[in-house]
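Down below is the structure, laid out as structure tokens.
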Amino acid sequence: MFKKIAIFGVGLIGGSFALALRKARAVEQIVGIGRTAASLARARELGIIDVASTSIEFSLQDTDLVLIAAPVAQTEAILTAIAPYLKPGTVVTDAGSTKTDVVAAARRALGGKIAQFVPGHPIAGRELNGPDAAIDDLYVGKKVVLAALPENTDRDIAKVVNAWQKCGAVIHHLTAEKHDCVFAAVSHLPHLLAYALVDDIAKKPHADLLFQYAASGFRDFTRIAGSSPEMWRDITLANQAAVLAELDSYMAQLSQLRGMLAAGNGPAIEEIYFNAQHARQNWMRAIEAAEEQNKQGGD
4 MFKKIAIFGV GLIGGSFALA LRKARAVEQI VGIGRTAASL ARARELGIID VASTSIEFSL
64 QDTDLVLIAA PVAQTEAILT AIAPYLKPGT VVTDAGSTKT DVVAAARRAL GGKIAQFVPG
124 HPIAGRELNG PDAAIDDLYV GKKVVLAALP ENTDRDIAKV VNAWQKCGAV IHHLTAEKHD
184 CVFAAVSHLP HLLAYALVDD IAKKPHADLL FQYAASGFRD FTRIAGSSPE MWRDITLANQ
244 AAVLAELDSY MAQLSQLRGM LAAGNGPAIE EIYFNAQHAR QNWMRAIEAA EEQNKQGGD
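Residue numbers (this note's numbering): 4 to 302.
Now the structure itself:
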């Protein structure tokens with residue numbers, strides 16, 4: 004049981020964390036801190052938080068755990084504001100989609116208190132934003148990656164692990180550097196591509212006609228373009244080097260495919276399509292196997 008948890012940002016990610024812990028009866032009091040009074044008021048109205056606060060000093064009094072669920076560009080400012088009031092025994096974690104920049108920001112902001120910060124990233128989301136998007140089962144069966152620091156104690160890491168496990172999540176561990184390389188490829192680049200495709204179509208003179216005939220394939224491919232533009236702007240810039248490397252690789256693949264198309268090289272195009280299909284089928288089978296193992300209580 005957590006006596007008190009403070010959450011910076013009570014939208015989809017922070018709000019779902021709060022609701023999950025409340026559902027698990029794992030926390031006595033949840034304090035929400037945010038940029039807008041309206042958002043905090045809505046979070047309290049929905050039962051996500053018990054107290055809406057603008058006082059960081061109050062929010063950190065007798066607090067077991069702090070979650071920063073704000074856009075990554077705000078992380079350093081939030082940690083700087085937290086630092087003077089961060090007492091021994093309070094652990095801070097985050098939900099940011101990038102980690103090397105967050106770790107660097109934490110070292111600048113927290114200084115000698117860096118051991119109390121355990122970087123994290125829940126691999127879950129929806130294309131909706133704000134407190135109304137929060138759900139109590141968002142993290143059930145989903146991965147949460149922790150990028151623990153050398154300074155972190157086993158006890159503090161365990162506290163963060165415990166909180167996410169109470170939400171139903173499965174814990175994984177990566178270094179901050181490996182995390183950013185991995186997610187540049189499988190998350191950050193796909194978001195960039197989805198935004199780019201929808202924006203390109205929206206700017207065409209016959210956009211209305213195109214959207215009229217867009218069906219489930221287009222919807223599925225572009226679903227993530229419904230995510231928060233502010234959040235994904237920050238993620239894209241925060242992981243700039245890794246995203247650029249993945250984008251260059253993808254553009255080379257597109258250039259190769261364009262050459263095949265221009266030459267009418269059907270067998271070469273089919274081979275790429277076949278390889279992609281085969282890789283995706285293997286990936287889906289691995290996901291299904293992991294989900295079945297979790298249902299049966301495996302680890």
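We put the beta carbon where it would ideally sit given N, CA and C, even for glycine.
Which residues in the same chain have their Cβ closer than 6 Å to the Cβ of D302, if we skip the five residues on either side of it in sequence? Residue confidence is low: D302 scores 34 on pLDDT, short of 50, so the model does not pin down where it sits. No coordinate-derived value is stated.
Selected residue, minimal CA-CA separation from E180, among P122, D65, I160 and E48: P122
From Q299 to A44, what distance separates their C-alpha atoms? Model confidence at Q299 stands at a pLDDT of 49, short of 50, so the residue's coordinates are unreliable; what they give is reported in the following sentence. Rounded to whole angstroms, Q299 to A44 spans 40 Å at the Cα level.
In this structure, does DSSP put I174 in helix, strand or coil? strand
Which parts of the segment 41-71 are runs of the beta strand (DSSP E), unbroken and 3 residues or longer, counting only runs that do not cross its ends? 68-71
What distance in whole Å lies between the Cβ atoms of I59 and I33, which are believed to be in contact at a cut-off of 8 Å? Actually they are not in contact, since the Cβ atoms of I33 and I59 sit about 16 Å apart, beyond 8 Å.
Once DSSP output is grouped into helix, strand and coil, what is the label at K207? coil
Proximity below 7 Å, CB of A134 to CB of A46: Note that residue 134 corresponds to Pro in the displayed sequence, not to Ala. Yes, the Cβ-Cβ distance between P134 and A46 is below 7 Å.
Is the distance from the Cβ of H182 to the Cβ of A150 below 7 Å? yes
Are the Cβ atoms of I36 and S56 separated by less than 7 Å? yes
If you follow the alpha helix (DSSP H) that Q119 is in, where does it begin and where does it stop? First-last for Q119: undefined, no H or E at that position.
If you compare alpha carbons, which of T225, L192, S258 and A27 is closest to I204? T225
What did DSSP end up calling E83 once you bin it into helix, strand or coil? Reading off the sequence, residue 83 comes out as Thr, not Glu. Reduced to three states, the DSSP call for T83 is helix.
Is the beta carbon of K116 less than 7 Å from the beta carbon of L89? yes
Looking only at its chain, what residues have a beta carbon closer than 7 Å to the beta carbon of I271, apart from the 5 residues adjacent to it on each side? Sequence inspection shows Ala at residue 271; the Ile mentioned does not correspond to that position. Contacts found: M263.
So the alpha helix (DSSP H) E233 belongs to, where does it begin and stop? P232 to A241
Give the DSSP-derived three-state secondary structure of P387 in the structure shown. Because the chain is modelled from 4 through 302, residue 387 falls outside the range shown and cannot be assessed.
Unbroken beta strand (DSSP E) run spanning G35, endpoints: V30 to I36
Counting along the chain, where does the beta strand (DSSP E) carrying A21 start and finish? First-last for A21: L15 to K26, but that is the alpha helix (DSSP H), not the beta strand (DSSP E).
How do the segment 64-77 and the segment 93-111 stand: do at least 3 beta-carbon pairs fall below 8 Å, yes or no? yes
Determine the contact status of I174 and V189, defining contact as a CB-CB distance below 7 Å. no
Give every residue of the same chain whose Cβ lies closer than 6 Å to the Cβ of S62, excluding the five residues on either side of it in the sequence, and list them in chain order. A9, V34, I36 and S56
Taking the C-alpha atoms as reference points, what is the distance between L15 and S252? 32 Å
Considering only their Cβ atoms, is the gap separating V201 from A228 smaller than 7 Å? yes
Assigned secondary structure, I160 (DSSP; H/G/I helix, E/B strand, else coil): helix
Among all the DSSP beta bridges, which residues are the ones paired with D139? Answer is none; D139 lacks a bridge partner.
Collapsed DSSP secondary structure at A76 in the structure displayed: helix
So what does DSSP say about T103, is it helix, strand or coil? helix
Just confirm the distance between the C-beta atoms of I238 and H191, as a whole number of angstroms; I'd bet it's less than 8 Å. 6 Å
Continuous alpha helix (DSSP H) stretch holding V320: start and end: Residue 320 lies beyond the residue range present for the chain, which begins at 4 and ends at 302; the question has no answer from this structure.
Could you tell me if the beta carbon of L141 falls within a distance shorter than 6 Å of some heavy atom in the ligand GTP? Looking at this structure, you won't find the ligand GTP or any other ligand, since it has none at all.
Cβ of H209 less than 7 Å from any chain C Cβ? Included in the structure is just one protein chain, with no chain C present.
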